[in-house]
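Beneath this line is the structure, given in structure tokens, with notes to follow.
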Amino acid sequence: MLKGWWWKFGGAFIFLYVLIGGMTIPLRPGITSVQPSNAKTGENILLDITGYNTHFDQAKNIRAWLKLDSTHAINALKTNAEGPNHLQMEFQIPETAPDGNEVYPLHLIIDNEIDGAFILPNAVFVSRSTDSLMFNPNEWTNGKMDKFHNYTGIQFPYRNILNETIRNTFFHVALWFAMFILLLYGVYYSIRYLRSGNFDNDRLASSYTIVAILYGSLGILTGSVWAKFTWNTFWTNDVKLNMTAIALLIYFAYLILRGIQYDQDKRARLAAIYNIFAFIALIPLVFVIPRLQDSLHPGNGGNPALGGEDLDNTLRMFFYPSIIALFLIGKWMAEILTRYERLKDQYFIKSK
Amino acid sequence: MNRIKEIFLKELRVEFRQKYTLGGIFLFSATVVFLIYKVFNTVTELEWSILLWIITMFSALNAIVKSFSQEKKGTYLYYYSLFDPIELIIGKLIYNTLFIFLLFAAILLFMSLFLGFPVKDTELFFGASFLGIFGLSTILTFISLISTSDQTGSTLMSVLSIPLILPIMLLLLKTTAVSLRLITDTSIDQDVLLLAAIDAIMLGTVIILFPSLWRS
């Protein structure tokens with residue numbers, strides 16, 4: 088299927104597209120912080136709002152709500168834009184509060200005609216000052232939320248902790264996907280070697296596995312840098328991290344096995360068998376154990392997996408091409424490595 | 004079935020003919036336990052569970068490293084003509100599993116002698132331990148065959164096998180911690196099931212791959 092040279096340039100071209108597009112497309116407007124972040128019932132508060140990629144000073148029609156739930160919200164009384172990313176708003180928190188909770192969170196929604204609508208969940212925490220008043224829904228319905236503006240154009244979603252690092256999805260996540268495809272190729276050629284005894288299959292298997300190990304190491308590195316910015320540490324006791332570390336150890340052992348000076352036939356056979364064994368040992372490590380335990384990663388412990396809001400269509404425009412591009416580049420690298428090994432073996436046999 | 008029994012009995016005879024290796028392995032574990040007793044004097048339950056499995060793991064490594072290297076090459080050629088490889092590996096696996104379990108029981112005995120026996124849920128403890136030890140012996144037996152080589156010795160064996168047995172060790176440590184009531188986990192059955200699943204996957208892989216390895 089992948090014959091000739093076109094797919095190599097295809098891989099490089101798609102990766103260039105991912106690199107340029109993924110790095111230059113701006114994020115959607117969002118709210119970075121709100122000061123003060125707590126209030127009392129019945130209080131009149133002045134919120135200092137810091138936005139990101141917003142155009143508060145150019146927008147003519149800024150509306151804002153503090154939302155309790157889907158039917159209860161209050162309107163901003165006054166809005167005052169002090170810059171493109173800075174806004175001051177006045178809110179009157181109602182006297183009455185929903186029953187049950189001493190403290191309840193309010194979500195801040197801002198809408199204008201340039202940036203569209205965006206939300207900061209749990210922006211303000213309100214604690215009740217008097218618990219004698221019954222909940223009066225009428226006080227909460229003056230902010231009718233309708234006629235939201237929609238932002239048109241391609242922008243990546245704004246996520247509060249991720250911010251700009253959401254672009255790492257194209258590299259960190261895609262590297263793991265590409266690594267798995269390459270490992271599968273390696274196992275495929277290992278099986279073919281065991282069946283045919285053709286050394287070329289052994290060279291291919293080892294090249295694919297080596298490139299996959301490179302991708303795995305890069306995946307750990309990109310993930311580590313990402314974790315530093317989002318979880319504030321390079322390494323956590325997260326189950327996925329530990330299982331990946333074990334998986335990499337298994338494959339580093341494969342490299343050691345290949346480095347031993349057996350005769351060629353024995354080395355190829357042992358490496359092929361170990362490669363298949365290691366790949367099967369990897370399946371519970373990567374696909375089963377992490378799913379049984381809580382993890383900070385998306386898709387575990389109640390976090391949403393791929394899809395949902397974290398991977399929207401604009402991210403998909405670069406995420407899937409990135410997997411394809413990384414796989415094609417990896418295949419290219421593996422083939423260069425195979426050709427190098429082939430030439431080395433030929434030269435070695437001739438010089439003897 | 005009969006031939007699997009023959010292989011099993013043969014392994015047993017070979018083992019008892021070389022009493023020094025057998026005694027050496029048991030003495031090794033006894034010495035390590037005693038050393039730990041002298042160093043720590045008293046251990047907490049957490050340390051007890053960790054030490055138990057670390058000692059078991061390294062004793063098992065030492066015991067199985069020679070699984071395929073204790074006999075001469077010519078003998079293997081003879082076996083090759085005599086047995087089906089699948090029968091041979093099953094016989095070996097049964098023998099090695101029982102051997103490591105015996106080793107584990109000995110270590111447990113020494114540890115309870117010196118450091119006490121804090122296990123509360125014995126059913127879970129021994130059940131999970133047996134499953135884990137079966138997985139350990141499967142992986143170690145297979146890797147010992149891969150790493151049989153005159154020049155590398157046991158280094159390659161530990162390098163190749165320790166990452167592979169890590170998931171089993173982690174599950175064993177967890178089930179042990181639960182059986183010691185160090186942590187509570189209502190879904191510990193899931194972990195035991197996972198242990199059994201890993202065993203089954205490994206056993207299947209070994210049975211599929213062993214014939215092609217055996218040919219060399």
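These protein sequence lines are chains A and B, in that order. In terms of the working numbering, the first sequence has 281 at position 194, counting the first letter as 1, and numbering is strictly consecutive. In terms of the working numbering, the second sequence has 112 at position 109, counting the first letter as 1, and numbering is strictly consecutive. Even for Gly, the Cβ is constructed at its ideal location relative to N, Cα and C.
In DSSP terms, what residue i is bridged to
i	result
residue 166 of chain A	A:176
residue 196 of chain A	A:152 and A:206
residue 117 of chain A	A:139
residue 133 of chain A	A:177
residue 351 of chain A	Per DSSP, none; premise fails for residue 351 of chain A.
residue 122 of chain A	A:135
residue 243 of chain A	A:114
residue 161 of chain A	A:153
residue 212 of chain A	A:125 and A:192
Burial state of residue i (16 or more Cβ within 10 Å)
i	result
residue 391 of chain A	Bear in mind that the predicted position of residue 391 of chain A carries a pLDDT of just 49, short of 50, making it unreliable; the figure below should be weighed with that in mind. Result: exposed.
residue 370 of chain A	exposed
residue 330 of chain A	buried
residue 141 of chain A	buried
residue 356 of chain A	buried
residue 411 of chain A	buried
residue 423 of chain A	exposed
residue 205 of chain B	buried
residue 394 of chain A	At residue 394 of chain A, the pLDDT of 48 sits below 50, so the modelled position is not reliable; the number obtained from the coordinates is stated separately. By the 10 Å Cβ count, residue 394 of chain A comes out exposed.
residue 414 of chain A	buried
residue 303 of chain A	buried
residue 157 of chain A	exposed
residue 99 of chain B	buried
residue 23 of chain B	exposed
residue 166 of chain A	buried
residue 150 of chain A	buried
residue 389 of chain A	Legend: pLDDT at residue 389 of chain A = 49, less than 50; position of this residue unreliable, value from coordinates given subsequently. Under this definition residue 389 of chain A is an exposed residue.
residue 119 of chain B	exposed
residue 211 of chain A	buried
residue 283 of chain A	exposed
residue 434 of chain A	exposed
residue 263 of chain A	buried
residue 138 of chain A	buried
residue 60 of chain B	buried
residue 212 of chain B	buried
residue 190 of chain A	exposed
residue 425 of chain A	buried
Beta-carbon separation (whole angstroms), residue i vs residue j, contact threshold 8 Å
i	j	result
residue 174 of chain A	residue 161 of chain A	That belief does not hold up - the Cβ atoms of residue 174 of chain A and residue 161 of chain A are roughly 17 Å apart, past 8 Å.
residue 103 of chain B	residue 139 of chain B	6 Å
residue 358 of chain A	residue 345 of chain A	5 Å
residue 147 of chain B	residue 175 of chain B	At roughly 20 Å, the Cβ-Cβ gap does not stay under 8 Å, so residue 147 of chain B and residue 175 of chain B are not in contact.
residue 364 of chain A	residue 208 of chain B	6 Å
residue 248 of chain A	residue 317 of chain A	5 Å
residue 143 of chain A	residue 163 of chain A	Rounded, the Cβ-Cβ distance is 13 Å, inconsistent with contact.
residue 177 of chain A	residue 148 of chain A	Their Cβ separation, rounded to whole angstroms, is 17 Å, which puts residue 177 of chain A and residue 148 of chain A out of contact at 8 Å.
residue 7 of chain B	residue 93 of chain B	5 Å
residue 10 of chain B	residue 86 of chain B	7 Å
residue 103 of chain A	residue 243 of chain A	About 18 Å separates the two Cβ atoms, so there is no contact after all.
Chain E within 8 Å of residue i, Cβ atoms only
i	result
residue 149 of chain B	No chain E appears in the structure shown, which is made up of the protein chains A and B.
At least three beta-carbon pairs within less than 8 Å, the segment 286-301 of chain A to the segment 323-331 of chain A: Taking 8 Å as the limit for Cβ pairs, the verdict is that the segment 323-331 of chain A does not touch the segment 286-301 of chain A.
Cβ contact (3+ pairs, closer than 8 Å) linking the segment 115-124 of chain A and the segment 193-212 of chain A: In short, these stretches touch, since the Cβ pair count reaches three.
Cβ-based contacts, 8 Å cut-off: residues of the segment 358-375 of chain A near chain B: So the close ones are 360, 361, 363, 364, 365, 367, 368, 370, 371, 372 and 375.
Residues from the segment 128-161 of chain A in contact with chain B, defined by Cβ distance under 8 Å: Residues of the segment 128-161 of chain A with a C-beta less than 8 Å from any C-beta of chain B: none at all.
Segment contact, 8 Å Cβ cut-off, at least three pairs: the segment 45-52 of chain B with the segment 18-32 of chain B: In short, these stretches do not touch, since the Cβ pair count stays below three.
At least 3 beta-carbon pairs within less than 8 Å: the segment 192-204 of chain B vs the segment 163-176 of chain B: Proximity of the segment 192-204 of chain B to the segment 163-176 of chain B meets the contact definition, three or more beta-carbon pairs being nearer than 8 Å.
Selection of the segment 325-343 of chain A by Cβ proximity to chain B, strictly under 7 Å: Taking 7 Å as the Cβ-Cβ cut-off, the segment 325-343 of chain A approaches chain B at 333, 336, 337, 340 and 343, given in chain order.
Near-chain A residues of the segment 193-205 of chain B - C-beta to any C-beta below 9 Å: Hits within the stretch, in order: 193, 194, 197, 200, 201, 204 and 205.
Chain-ordered residues of the segment 270-291 of chain A with a beta carbon less than 7 Å from chain B: Listed in sequence order: 281.
The segment 161-195 of chain B: positions lying closer than 7 Å to chain A by Cβ: For the segment 161-195 of chain B, which is checked against every Cβ of chain A, the residues closer than 7 Å are 162, 163, 166, 167, 169, 170 and 193.
Near-chain A residues of the segment 115-145 of chain B (beta-carbon distance less than 9 Å), N- to C-terminal order: Going along the segment 115-145 of chain B in chain order, one finds 142 and 145 with a Cβ nearer than 9 Å to chain A.
Residues of the segment 291-309 of chain A with Cβ closer than 7 Å to any Cβ of chain B, in chain order: Hits within the stretch: zero.
Inter-stretch contact at 8 Å, needing at least 3 Cβ pairs: the segment 107-116 of chain B / the segment 175-187 of chain B: Contact between the segment 107-116 of chain B and the segment 175-187 of chain B is absent, because fewer than three Cβ pairs lie under 8 Å.
Short-range partners of chain A found in the segment 50-62 of chain B, where Cβ spacing is below 8 Å: Taken residue by residue, none of the segment 50-62 of chain B has a beta-carbon sitting less than 8 Å from a beta-carbon on chain A.
Cβ contact check for the segment 60-68 of chain B and the segment 159-169 of chain B: 3 or more pairs under 8 Å: These segments touch.
Inter-stretch contact (C-beta, 8 Å, three-pair minimum) for the segment 236-254 of chain A and the segment 272-284 of chain A: Put simply, the segment 236-254 of chain A does not touch the segment 272-284 of chain A. Fewer than three CB pairs are less than 8 Å apart.
Members of the segment 91-107 of chain B near chain A, C-beta cut-off 8 Å: Considering only beta carbons, no part of the segment 91-107 of chain B lies closer than 8 Å to chain A.
Interfacial residues, the segment 409-424 of chain A to chain B, with Cβ spacing under 7 Å: Hits within the stretch: zero.
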